[in-house]
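Student:
Numbering (the numbering used here), first residue to last: 563 to 759.
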């Protein structure tokens, strides 16, 4: 069972390879065992954090374009940070893929609770943004090193879409960037993670 070790991830994140230096085949890794079957994907975005809501909807659009069925849940910070309130969010069949997008504190609690229930970590990412630039660092099961990149503008979110599609075992196609609400409009930090319940 693969459980995400957050300290190890943060230690390795500083030395990640540039996304631009990787070929598209390097991004087409498969999760351990087999690709996730086409079951309903649950997206849990922090509903009171606009940048998390924006990225959640952006990922939802990318998954729909790839033919995946999704359910979007947007609980507030209080629901995400209290173990007792997480039960309703985790009421899904075993094996259901769940992608969380929330602040760091909520992500730590959420992953600890799901890990204690037997969830498997497939991928995780950290997103740090300022008014001028955004930095992303992603790590996945079955991929030897973190992938890191930074740049200006909302177009950077397309790489996050491709990363999670690849982690789900889906073909990550490059598509034109849609006009959406900017996911990098405010300063802050987000954590995202893909687990299999």
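For glycine and all other residues, C-beta sits at the position ideal for the given N, C-alpha and C.
Is it the case that the CB of residue 661 approaches a heavy atom of the ligand ATP more closely than 7 angstroms?
Tutor: In terms of ligand content, the structure shown is empty, and the ligand ATP therefore cannot be addressed.
Student: Going straight from the alpha carbon of residue 663 to that of residue 759, what length do you get?
Tutor: Numbered from 1 along the chain shown, position 101 holds the residue referred to as residue 663. Numbered from 1 along the chain shown, position 197 holds the residue referred to as residue 759. If I take the Cα positions, the gap works out to 16 angstroms.
Student: Could you give the C-beta distance for residue 661 and residue 630, rounded to a whole number, given that I count them as a contact under 8 angstroms?
Tutor: By one-based count along the chain shown, residue 661 stands at place 99. By one-based count along the chain shown, residue 630 stands at place 68. That belief does not hold up - the Cβ atoms of residue 661 and residue 630 are roughly 10 angstroms apart, past 8 angstroms.
Student: Identify, in the order they occur along the chain, each residue of the same chain with its Cβ nearer than 6 angstroms to the Cβ of residue 599, setting aside the five sequence neighbours on each side.
Tutor: Along the chain shown, read from residue 1 onward, the residue named residue 599 stands at position 37. Any answer about residue 599 is weak, because its pLDDT of 49 lies below 50 and its placement is not dependable; what the coordinates show is given next. Nothing listed; no residue qualifies.
Student: Looking at the C-beta of residue 615, does it have a partner C-beta in chain C at a distance below 8 angstroms?
Tutor: Reference to chain C is not applicable here, since this structure consists of a single protein chain.
Student: Determine the closest residue to residue 688 out of 750, 632, 627, with distance taken between C-alpha atoms.
Tutor: The residue given as residue 688 occupies position 126 in the chain shown. Nearest option by C-alpha distance: 750.
Student: I'd like to confirm the pairing. Which residues does DSSP put opposite residue 755 in its beta bridges?
Tutor: Start at 1 with the first residue of the chain shown, and residue 755 comes out as number 193. Per DSSP, 662, 686.
Student: Measure the alpha-carbon distance for residue 657 versus residue 645 and round it to whole angstroms.
Tutor: Here residue 657 corresponds to residue number 95 of the chain shown, with the count starting at 1. Here residue 645 corresponds to residue number 83 of the chain shown, with the count starting at 1. Roughly 21 angstroms between the two C-alpha positions.
Student: Quick check on the DSSP output: the beta strand (DSSP E) that includes residue 603 runs from which residue to which?
Tutor: Taking the chain shown and counting its residues from 1, the one referred to as residue 603 is at position 41. 603-607 is the extent of the beta strand (DSSP E) around residue 603.
Student: Could you check what DSSP says for residue 702 in three-state terms: helix, strand or coil?
Tutor: Taking the first residue of the chain shown as 1, we reach residue 702 at position 140. Reduced to three states, the DSSP call for residue 702 is strand.
Student: Excluding five sequence neighbours on each side, which residues of the same chain lie with their C-beta closer than 7 angstroms to the C-beta of residue 668?
Tutor: Looking up residue 668 in the chain shown gives position 106. If we look at residue 668 and ignore the five residues flanking it on each side, its Cβ neighbours are 608, 639, 642, 643.
Student: For residue 700, I'd like the list of residues in its chain whose CB is within less than 6 angstroms of its CB, leaving aside the five on either flank, ordered along the chain.
Tutor: Your numbering for residue 700 matches position 138 in the chain shown. The answer, listed in chain order, is 687, 709, 725.
Student: According to the neighbour-count rule (16 or more other Cβ atoms, all chains shown, within 10 Å of its Cβ), is residue 673 buried or exposed?
Tutor: On the chain shown, position 111 is the one that residue 673 refers to. Buried is the call here.
Student: If you draw a straight line from the alpha carbon of residue 611 to that of residue 698, how long is it in whole angstroms?
Tutor: By 1-based counting over the chain shown, the position of residue 611 is 49. By 1-based counting over the chain shown, the position of residue 698 is 136. Cα to Cα, residue 611 sits roughly 18 angstroms from residue 698.
Student: Using the three-state DSSP reduction, which class does residue 584 fall into: helix, strand or coil?
Tutor: Residue numbering aside, residue 584 sits at position 22 when the chain shown is read from its first letter. Any reading at residue 584 is ruled out, since the residue's pLDDT is 41, under 50, leaving its predicted position unreliable.
Student: Between residue 702 and residue 729, how many whole angstroms is the CB-CB distance? I'm expecting something under 8 angstroms.
Tutor: Position 140 of the chain shown, counted from the start, is the residue given in the question as residue 702. Position 167 of the chain shown, counted from the start, is the residue given in the question as residue 729. Residue 702 to residue 729, Cβ: 5 angstroms. Contact.
Student: Under three-state DSSP, which class holds residue 697?
Tutor: Position 135 of the chain shown, counting from 1, holds the residue named residue 697. Correct three-state label for residue 697: strand.
Student: Using the three-state DSSP reduction, which class does residue 635 fall into: helix, strand or coil?
Tutor: Here residue 635 refers to the residue found at position 73 of the chain shown. DSSP places residue 635 in strand when its eight states are reduced to three.
Student: Looking at the structure shown, is residue 629 part of a helix, part of a strand, or coil, going by DSSP?
Tutor: As a position in the chain shown, residue 629 is number 67, starting the count at 1. Coil, per DSSP.
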